[in-house]
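Undergrad: In my numbering, the protein residues as written are -5 to 329.
All residues carry an ideal CB built from backbone N, CA and C; glycine is no exception.
Could you have a look at this structure, given as structure tokens, before my questions?
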Amino acid sequence: MLQEKLKPISRMLIESANEAEEIAAARALSAFFTENSPYAVNQQEDSTEITLRGGVALSTYHAAICIHESLRTARLIKGVYHAIREILLRFPDQEIRVLYAGCGPYATLLFPVLPLFDNSSLKCSLLEINPLSVKHARAWSETLGLNKDKITFLEEDAIQYKSPETFHLLISETMFNALLREPQLRIAANLAPQLHPNGIMVPEEIRLDLAYCALGDEPYFDNQKDSSDGKPGTAEYSGPLFSLTKDFNFSEQVRSGSFRFNSTHFVFPEKLSKTKPDICIFTTLKTFGGHEIGLGESSLTNPYCVGNYYTLEGKPFRLVHRFEHIPDWKLEILS
Ligand SMILES: C[S@@+](CC[C@H](N)C(=O)[O-])C[C@H]1O[C@@H](n2cnc3c(N)ncnc32)[C@H](O)[C@@H]1O
-5 MLQEKLKPIS RMLIESANEA EEIAAARALS AFFTENSPYA VNQQEDSTEI
45 TLRGGVALST YHAAICIHES LRTARLIKGV YHAIREILLR FPDQEIRVLY
95 AGCGPYATLL FPVLPLFDNS SLKCSLLEIN PLSVKHARAW SETLGLNKDK
145 ITFLEEDAIQ YKSPETFHLL ISETMFNALL REPQLRIAAN LAPQLHPNGI
195 MVPEEIRLDL AYCALGDEPY FDNQKDSSDG KPGTAEYSGP LFSLTKDFNF
245 SEQVRSGSFR FNSTHFVFPE KLSKTKPDIC IFTTLKTFGG HEIGLGESSL
295 TNPYCVGNYY TLEGKPFRLV HRFEHIPDWK LEILS
């Protein structure tokens, strides 16, 4: 069976011990997926995005090619693998329910690890809003010979979905850098409260910080090349904006119809005005089990510039994240 061929690649990825090994394993995985999945990547035909109240759901083509960002893929899959192990320890002898929101056509973050937990008590629901991606993920599951009775595909909006049962593990990577554009925050706001209180969300933390820098000096990941420019970065971190976790998930706010995060007030440090004039949001992810995706290691964690010293005219400011429709950031100058 094809999944027997996948197993050694998945093991190589889980056991990868440094960046070079992670990249080699993730590339072997993406080659295996592109060669064997029934989804024949087609940019021309499959580029239709779906705009939801809360963010944009990527096209089948764009969701598929996420797999080619090697460090992103490796560290999220490692996180999922370790989260499943942890859940099996926390809930022994029970049926374990996994909810994967936004699986795309490859179910990249789950299918590689399922063969490593053969015969386990895992029951997986895969949610995806894009019908073409659902069709291909279902076909891929059959091609791999994964256990049909343990996997359900649901063509649903994860921002609205109400699960009939609580689940133990929530997996979702539906984000751009700084939580722009895609609906990660709104999906967490809806689904995290439906997790079992002792359950796990992967990524377990998405942290956004305010930093002052010269943008061109910061590390930047190029997804065409699958590599970072390797700049060491010289930013001065000003402090956290917020961290999205299973417990800090904006659900109460969304329920009350408020769709914005207002940062505290900041005053630009005059001494940085010449060398680090850019006001940026830095994103970092903890996937799970000590695995992290750092600044400039993926397109999800590239620095995002919201303004600069010269627009402030010496006034304090705050950053506002709006997430009622397509999420964005605004710099508000205060008087
Ligand atoms: C960035 S892609 C990630 C694909 C895959 N999980 C991976 O990590 O490689 C995000 C996927 O989530 C889906 N998605 C986004 N918003 C969604 C929503 N509200 N409900 C269900 N699926 C959604 C998109 O259609 C897309 O397939």
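1) Quick one: which unbroken beta strand (DSSP E) runs of 3-plus residues sit fully inside the segment 169 to 221? Chain order, please.
2) How would you call N113, buried or exposed, if buried means at least 16 neighbouring beta carbons within 10 angstroms?
3) Select from T160, I3, L103 the residue whose C-alpha is nearest the C-alpha of H76.
4) Taking the alpha carbon of F276 as the reference point, which residue from K309, Y55, A182, L174 has its own alpha carbon closest?
5) Quick one: is Q178 buried, meaning 16 or more other Cβ sit within 10 Å of its Cβ, or exposed?
6) Is V261 buried or exposed, if buried means 16 or more other CB atoms sit within 10 Å of its CB?
7) State yes or no: is the C-beta of S127 nearer than 6 Å to some heavy atom of ligand 1?
8) Under 6 Å from any heavy atom of ligand 1, does the C-beta of I71 make it?
9) Should Y298 and S267 be called a contact, given that it needs their Cβ atoms to be closer than 7 Å?
10) Does at least one heavy atom of ligand 1 sit under 6 Å from the Cβ of L121?
11) Just checking my contact of L235 with L204 at CB under 8 Å: how many whole Å lie between their CB atoms?
12) Under the three-state reduction of DSSP, which class applies to Y94: helix, strand or coil?
13) Does the beta carbon of I78 fall short of 6 Å from some heavy atom of ligand 1?
14) Using a Cβ-based criterion (distance less than 6 Å to any ligand heavy atom), does T239 qualify as near ligand 1?
15) Which same chain residues end up closer than 7 Å to A22 when comparing Cβ atoms and leaving out the 5 residues on each side of it in sequence?
16) Quick check on the DSSP output: the beta strand (DSSP E) that includes V50 runs from which residue to which?
17) Can you name, in chain order, every residue of its own chain whose Cβ lies under 8 Å from the Cβ of L110, other than the five neighbours on each side?
18) Less than 7 Å between the beta carbons of E176 and V50, yes or no?
19) Less than 8 Å between the CB atoms is what I'm expecting for T54 and L126, so what's the real figure, rounded?
20) Do you know how far the Cα of E307 is from the Cα of A229?
21) Can you tell me where the alpha helix (DSSP H) holding E13 begins and where it ends?
22) Could you check if R249 is buried or exposed, using at least 16 other CB atoms within 10 Å of its CB as the buried criterion?
23) With 16 other CB atoms within 10 Å as the buried threshold, where does E13 fall?
24) Helix, strand or coil, according to DSSP, for V128 in the structure here?
25) Quick check on this structure: which residue in A182, L163, D143, N30 has the alpha carbon closest to the alpha carbon of H190?
26) Would you check whether ligand 1 has a heavy atom nearer than 6 Å to the C-beta of I153?
27) Ignore the nearest five residues each way along the sequence and tell me which others in R194's own chain have a CB closer than 8 Å to its CB.
28) Between S10 and the rest of its own chain, which residues show a CB-CB distance below 6 Å, the 5 nearest in sequence each way excluded?
29) Would you list, in sequence order, the uninterrupted alpha helix (DSSP H) runs of no fewer than 4 residues that lie entirely inside the segment 248 to 311?
TA: Considering the structure as presented:
1) Fully enclosed beta strand (DSSP E) runs of 3 or longer: 189 to 196, 199 to 207.
2) exposed
3) L103
4) L174
5) buried
6) exposed
7) yes
8) no
9) The answer is no: Cβ separation not under 7 Å.
10) yes
11) With 8 Å as the limit, L235 and L204 qualify as a contact, their Cβ atoms being about 6 Å apart.
12) strand
13) no
14) T239: no, Cβ never under 6 Å from ligand 1.
15) I3, M6
16) 49 to 51
17) Answer for L110: K1, S4, R5, I8, Y75, listed in chain order.
18) Yes, the Cβ-Cβ distance between E176 and V50 is below 7 Å.
19) The pair is a contact, with the Cβ atoms about 5 Å apart (cut-off 8 Å).
20) 21 Å
21) First-last of the alpha helix (DSSP H) with E13: 13 to 30.
22) With a 10 Å radius around the Cβ and a threshold of 16 neighbouring Cβ atoms, R249 comes out exposed.
23) exposed
24) helix
25) L163
26) yes
27) Reading off the sequence shown, one finds Ile at residue 194, where the question assumed Arg. The residues are A77, E80, I81, H162, L163, L164, K240, F282.
28) E16, A19
29) 303 to 306
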